[in-house]
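Participant:
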């Protein structure tokens, strides 16, 4: 089997000239978006990115690979890497809760569960997470949960509060994919 080709992965994150930020601010202003760029909704940010694309092309600038992420980082928006890390952490925390639920139900380890038992654990995990959220419409009495479960639920809740950036990352991914 031949050796796999070595692919260079840049470790430095690109930095755009300040002109790009000025163009983005001007685009937001012209679109009637009164907020700072870092505070724009994902939908409005997408409009700004489209405008920046057009304006920079009109100026004859080449659009370097990763410019959307670089611009987002430079204006203080959440980047894809941070949002992705939070998504992975949230899923991992959910698996921890599921493992604890499986243990409480006497089913053993998650990896040894059959499809029916795993579905039951997943359902119970969802109900536990949703029911023990403070602002849940059908809040459950979670005072009987052991200390470990209360800690896991608090950690899950803290990660969920950071999920607002997930939409920004998804839109950045969509833009990067469509630009290629």
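Residue numbers (my numbering): 9 to 188. Cβ atoms here follow ideal geometry from the backbone N, Cα and C, with glycine treated the same way. Source: prediction; values computed, not measured.
(1) State the CB to CB distance for the pair residue 109 and residue 136, rounded to an integer number of angstroms; the pair is presumed to be in contact (CB under 8 Å).
(2) Ends of the alpha helix (DSSP H) at residue 69?
(3) Looking only at its chain, what residues have a beta carbon closer than 6 Å to the beta carbon of residue 59, apart from the 5 residues adjacent to it on each side?
(4) Here's the rule I'm using: 16 or more other beta-carbon atoms within 10 Å means buried, otherwise exposed. How should residue 166 be labelled?
(5) Is DSSP giving residue 139 helix, strand or coil here?
(6) Please go through the same chain and pick out, in chain order, the residues whose beta-carbon is closer than 7 Å to the beta-carbon of residue 55, but skip the five residues on each side of it.
(7) Check whether the Cβ atoms of residue 57 and residue 79 sit closer than 9 Å, and answer yes or no.
(8) Alpha carbon to alpha carbon, how far is residue 7 from residue 81?
Facilitator: Let me spell this out:
(1) Within the chain shown, the letter at position 101 stands for residue 109. Within the chain shown, the letter at position 128 stands for residue 136. Sure, about 6 Å apart at Cβ, within 8 Å.
(2) The sequence position of residue 69 within the chain shown is 61, counting from 1. First-last for residue 69: undefined, no H or E at that position.
(3) Numbered from 1 along the chain shown, position 51 holds the residue referred to as residue 59. Spatial neighbours of residue 59 in its own chain (CB-CB distance under 6 Å, excluding positions within 5 residues in sequence) are listed in chain order as 35.
(4) Here residue 166 corresponds to residue number 158 of the chain shown, with the count starting at 1. Around the C-beta of residue 166, fewer than 16 other C-beta atoms lie within 10 Å, and the residue is accordingly described as exposed.
(5) For the purposes of this step, residue 139 is identified with residue 131 of the chain shown, where counting begins at 1. Looking at residue 139 - three-state DSSP - the assignment turns out to be helix.
(6) Start at 1 with the first residue of the chain shown, and residue 55 comes out as number 47. Excluding positions up to five away in sequence, the list reads 39.
(7) Here residue 57 is taken as the residue at index 49 of the chain shown, counted from 1. Here residue 79 is taken as the residue at index 71 of the chain shown, counted from 1. In contact: residue 57 and residue 79 (Cβ atoms closer than 9 Å).
(8) Absent from the model: residue 7. The displayed extent of the chain is 9 to 188, so no value can be given.
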